[in-house]
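Quick notes on the structure that follows.
Residue numbers (our numbering): 5 to 161.
Below is the structure:
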């Protein structure tokens with residue numbers, strides 16, 4: 005198996021580029037295009053292929069926390085998220101015989117109340133609980149994704 009993430013980072017599709025909200029030396033923060041159930045759901049992905057958190061350099065570690073803080077504040081300001089759940093799972097890579105995980109983080113904003121944005125209602129199906137993933141994904145069109153990315157970028161400080 006080869007890493008599924010490296011080609012996306014090194015040779016991004018134009019859609020990937022328009023969903024990028026922060027670009028650092030070591031990390032890229034990208035809006036998740038295929039699931040906006042939790043408005044502002046994003047990834048922060050290492051630019052280099054690194055397979056474990058313990059393999060991150062001190063510079064990568066510091067930049068991750070800076071980008072995470074910027075993105076968390078921007079999503080909270082833009083949409084009123086109550087909290088941002090952050091996880092680094094990498095489980096899917098280990099379904100393969102020869103896994104090649106790539107360090108990336110999932111950011112899932114959580115909302116106590118429904119959020120109205122760009123003509124859609126975004127409802128956190130399990131607020132106050134661990135996300136089971138048993139709810140249907142909310143997939144929005146490109147215009148809505150662009151509006152979400154634009155609002156997050158405008159809220160960056």
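Ideal placement from N, C-alpha and C gives every residue a C-beta, glycine not left out.
Review point. What's the gap between the Cα of residue 45 and the Cα of residue 103?
Key: Stepping through the chain shown from its first residue, residue 45 is reached at position 41. Stepping through the chain shown from its first residue, residue 103 is reached at position 99. The straight-line gap from Cα to Cα measures roughly 25 Å.
Review point. In terms of residues, what are the limits of the beta strand (DSSP E) holding residue 91?
Key: The residue you call residue 91 lines up with position 87 of the chain shown. Unbroken beta strand (DSSP E) run through residue 91: 87-91.
Check your understanding: What residue does the beta strand (DSSP E) around residue 120 start on, and which one ends it?
Key -> Residue numbering aside, residue 120 sits at position 116 when the chain shown is read from its first letter. Run containing residue 120: 119-121, per the beta strand (DSSP E) assignment.
**Study point:** Run of the beta strand (DSSP E) containing residue 110, from where it starts to where it stops
**Key:** Locating residue 110 in the chain shown gives position 106, where the first residue counts as 1. 108-114 is the extent of the beta strand (DSSP E) around residue 110.
Exercise for review: Determine the direct distance from the alpha carbon of residue 77 to that of residue 97, and round the result to whole angstroms.
Suggested key: Residue 97 sits at position 93 when you count from the first residue of the chain shown. Residue 77 sits at position 73 when you count from the first residue of the chain shown. One C-alpha to the other measures close to 30 Å.
Check your understanding: So does the region 59-79 actually touch the region 138-154, counting three or more Cβ pairs closer than 8 Å?
Key -> no
Practice item. Using only alpha-carbon positions, find the residue among 87, 29, 27 and 48 that is nearest to residue 128. Key: Taking the first residue of the chain shown as position 1, residue 128 is located at position 124. Closest by alpha carbon: 87.
**Study point:** Length of the line joining the Cα atoms of residue 32 and residue 49
**Key:** Counting from one through the chain shown, the residue named residue 32 turns up at place 28. Counting from one through the chain shown, the residue named residue 49 turns up at place 45. Residue 32 and residue 49: Cα-Cα distance of roughly 5 Å.
Review point. Do residue 23 and residue 42 have their C-beta atoms closer together than 8 Å?
Key: Taking the first residue of the chain shown as position 1, residue 23 is located at position 19. Taking the first residue of the chain shown as position 1, residue 42 is located at position 38. No, these two residues do not count as a Cβ contact at 8 Å.
Exercise for review: Enumerate in chain order the residues of its own chain whose CB-to-CB distance from residue 25 is below 8 Å, with the five nearest sequence positions on each side excluded.
Suggested key: Locating residue 25 in the chain shown gives position 21, counting from the first residue. Within the same chain, residue 25 has close Cβ partners 33, 34, 35, 46, 75, 78, 153, 156, 157 and 160.
Point to revise | Option in 120, 38 and 115 with minimal Cα separation from residue 149 | key: In the chain shown, the residue the question calls residue 149 occupies position 145. Comparing Cα positions, the closest option is 38.
Check your understanding: When you compare each of 21, 131, 130 and 72 to residue 108 by their alpha carbons, which one comes out closest?
Key -> As a working note, residue 108 is residue 104 in the chain shown. The residue with the shortest Cα to Cα distance from residue 108 is 72.
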